[in-house]
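First the structure, in the form of structure tokens, and then the observations on it.
In the numbering used here, the protein residues as written are 7 to 314.
Below you can see the structure in the form of structure tokens.
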């Protein structure tokens with residue numbers, strides 16, 4: 007009893023001392039409760055034959071019928087494959103890119119050059135995909151795009167990049183890297199700032215070259231940050247980015263560019279198949295959850311770093 011009273015008294019003191027921080031945290035918790043946790047209840051639609059006229063309570067239960075229909079749907083198999091391929095490419099190419107860029111900038115002695123590169127790579131992060139896509143359209147346009155103008159002057163035939171199954175996936179990956187890498191570079195630069203400079207100086211005195219310092223000091227120094235971001239990224243393996251794909255794709259590239267988010271939008275919002283798309287969303291969330299738990303356990307064993 008005395009221990010409980012002591013803990014409560016300690017909490018009161020902490021609350022009184024940091025009440026503004028508690029109130030700030032309360033607003034964040036409220037946002038998550040309203041927009042993240044309460045909507046979980048409506049995932050039950052995945053197990054119903056939801057009909058708008060009958061409402062949520064009146065719609066009949068169908069068990070796992072929606073999931074069976076989902077896994078038997080050839081269109082789902084197509085978008086699932088596309089999602090894995092595109093997201094896998096983004097992880098394989100896009101994840102290490104800001105790490106390499108941050109290490110490169112960390113080794114640059116010119117502060118002006120470093121700030122210039124950081125600014126150039128960071129600014130696209132604040133541009134919406136609508137504006138970014140319009141820039142891509144102007145660059146890749148088959149008639150007036152700068153890239154096709156250059157190809158024509160070199161004697162080649164103009165290419166309709168955004169309508170080409172060959173080019174659409176590379177465009178998605180490259181545009182995502184150029185837009186997002188600056189933000190993650192800043193995170194890695196902040197992590198590098200925490201690495202003790204005396205360790206680098208000692209390594210130089212011992213005769214370690216640049217690559218040895220990077221491999222044995224720089225990378226281990228930011229390994230916890232790399233591990234955490236990698237786990238979080240794996241949890242989003244089935245999330246490609248609705249805005250990017252929806253703005254850039256067209257029916258001509260559905261076979262290679264249609265992903266779970268765009269398929270869900272067409273089937274649910276436009277097609278009214280709410281139970282079907284809720285089942286798809288629940289499947290996607292479950293895969294993400296399993297990937298986070300599994301990758302955290304594996305990386306914790308291998309590296310000693312993890313989310314918890």
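Don't be surprised by glycine CBs; every beta carbon is placed ideally from N, CA and C. As the structure is a prediction and not an experimental result, all values here were calculated from the model.
Where residue i falls: helix, strand or coil (DSSP)
| i | result |
| --- | --- |
| residue 314 | coil |
| residue 39 | helix |
| residue 60 | coil |
| residue 129 | helix |
| residue 171 | helix |
| residue 163 | coil |
| residue 300 | helix |
| residue 84 | helix |
| residue 241 | coil |
| residue 199 | helix |
| residue 255 | coil |
| residue 24 | coil |
| residue 29 | helix |
| residue 148 | coil |
| residue 289 | helix |
| residue 212 | coil |
| residue 262 | helix |
Residue i and residue j closer than 8 Å at C-beta
| i | j | result |
| --- | --- | --- |
| residue 250 | residue 178 | yes |
| residue 239 | residue 51 | no |
| residue 184 | residue 230 | no |
| residue 104 | residue 190 | yes |
| residue 202 | residue 100 | no |
| residue 255 | residue 271 | no |
| residue 109 | residue 224 | yes |
| residue 154 | residue 141 | no |
| residue 175 | residue 310 | no |
| residue 232 | residue 86 | no |
| residue 209 | residue 219 | yes |
Sheet register partners of residue i (DSSP bridge)
| i | result |
| --- | --- |
| residue 67 | 54 |
Span separating the alpha-carbon of residue i from that of residue j
| i | j | result |
| --- | --- | --- |
| residue 63 | residue 279 | 17 Å |
| residue 83 | residue 283 | 14 Å |
| residue 30 | residue 114 | 38 Å |
| residue 212 | residue 194 | 26 Å |
| residue 206 | residue 306 | 27 Å |
| residue 41 | residue 119 | 42 Å |
| residue 60 | residue 75 | 22 Å |
| residue 226 | residue 197 | 11 Å |
| residue 143 | residue 150 | 10 Å |
| residue 54 | residue 33 | 33 Å |
| residue 122 | residue 187 | 15 Å |
| residue 94 | residue 18 | 48 Å |
| residue 199 | residue 161 | 49 Å |
| residue 37 | residue 287 | 21 Å |
| residue 135 | residue 127 | 15 Å |
| residue 148 | residue 157 | 10 Å |
| residue 137 | residue 248 | 15 Å |
| residue 159 | residue 139 | 25 Å |
Cutoff 8 Å: residue i Cβ touching any chain D Cβ
| i | result |
| --- | --- |
| residue 62 | Among the chains in the structure shown there is no chain D, since it carries only a single protein chain. |
Residue i: CB within 7 Å of a non-hydrogen atom of the ligand COA
| i | result |
| --- | --- |
| residue 303 | This structure does not include the ligand COA; it has no bound ligands of any sort. |
Could you tell me whether the segment 164-171 touches the segment 242-262, using the rule of 3 or more Cβ pairs below 8 Å? yes
Would you check if the segment 225-238 and the segment 298-311 touch, i.e. whether three or more CB-CB distances between them fall below 8 Å? yes
Give a yes or no on contact between the segment 241-248 and the segment 279-297, applying the rule of three or more CB pairs nearer than 8 Å. yes
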